[in-house]
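Chains as they are written, first to last, in our numbering: chain A, -1 to 112; chain B, 238 to 353.
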């Protein structure tokens, strides 16, 4: 069974600074997808970024980028120029290709300080 | 294009009653997933359905829980004889299915179930 570990329960950073959230996972599969989801106080789950394991290039979406280290089974999220609206719970998630079910980590509560 | 709709947003049930949670997927999506989030925890997969078929129910408790996605109408997650431990947020997600979209799932706003 796959497991996803987020070792930072809480983090806080000053507005406009850069913050990195860590995520590691365990799988014996070679073909899979990794995701970061954001859950603001409204509790709506919002997809932030997605990475396909067979792609070596790290995914980027505006201020959000990942550092995907397949051999180390590590998938960290970097948020640049952080904004107050980035305050939320962030969940790392894993999906085997063809499986179509997400396995989530326990989340990191990120607070952006004005 | 409306997003994934879930209703009700909040549901209060007494122990022993039945809870019915509804999910309407995004237009054009034929794959529906249900997840449960206990307080201060991540989401846990429960069941994956396509129209009229349960594809994977490996995360669903064997008793009291059932799910359906009929040919017409929303997907329903049904919890019979609720207990306090069923209190949680239940999220539905949908996707068009397949690798063309990178298996991206779009989530609804969730239903918060409180059992008193």
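For each residue, glycine too, the CB sits at the ideal point set by N, CA and C.
Exposure label - residue 106 of chain A; buried when at least 16 CB within 10 Å: Taking the first residue of the first chain as position 1, residue 106 of chain A is located at position 108. Under this definition residue 106 of chain A is a buried residue.
Nearest to residue 26 of chain A (by Cα), restricted to the options A:7, A:90, A:43 and A:94: Taking the first chain and counting its residues from 1, one reaches residue 26 of chain A at position 28. It is A:94.
Short CB-CB distance (under 8 Å) between residue 42 of chain A and chain B: Stepping through the first chain from its first residue, residue 42 of chain A is reached at position 44. Yes, contact with chain B.
Contacts that residue 326 of chain B makes with chain A (C-beta to C-beta distance below 9 Å): To locate residue 326 of chain B, count along the second chain from 1; it is residue 89. Per Cβ cutoff of 9 Å: 41.
Spatial neighbours of residue 84 of chain A in its chain, beta-carbon cut-off 7 Å, leaving aside the 5 residues before and after: Along the first chain, read from residue 1 onward, the residue named residue 84 of chain A stands at position 86. Within the same chain, residue 84 of chain A has close Cβ partners 77, 108 and 110.
Residues bridged to residue 268 of chain B (per DSSP): On the second chain, residue 268 of chain B is found 31 positions in, with the first residue counted as 1. Per DSSP, B:287 and B:332.
Exposed unless 16 or more other CB atoms sit within 10 angstroms - verdict on residue 246 of chain B: The sequence position of residue 246 of chain B within the second chain is 9, counting from 1. Residue 246 of chain B is exposed by the Cβ-count criterion.
Per-residue contacts from residue 347 of chain B into chain A (C-beta, under 9 Å): As a working mapping, residue 347 of chain B is identified with position 110 in the second chain. The contacting residues are 41, 42 and 43.
Start and end residues, beta strand (DSSP E) containing residue 62 of chain A: Locating residue 62 of chain A in the first chain gives position 64, where the first residue counts as 1. It spans 62 to 67 - the beta strand (DSSP E) in which residue 62 of chain A sits, taken as one unbroken run.
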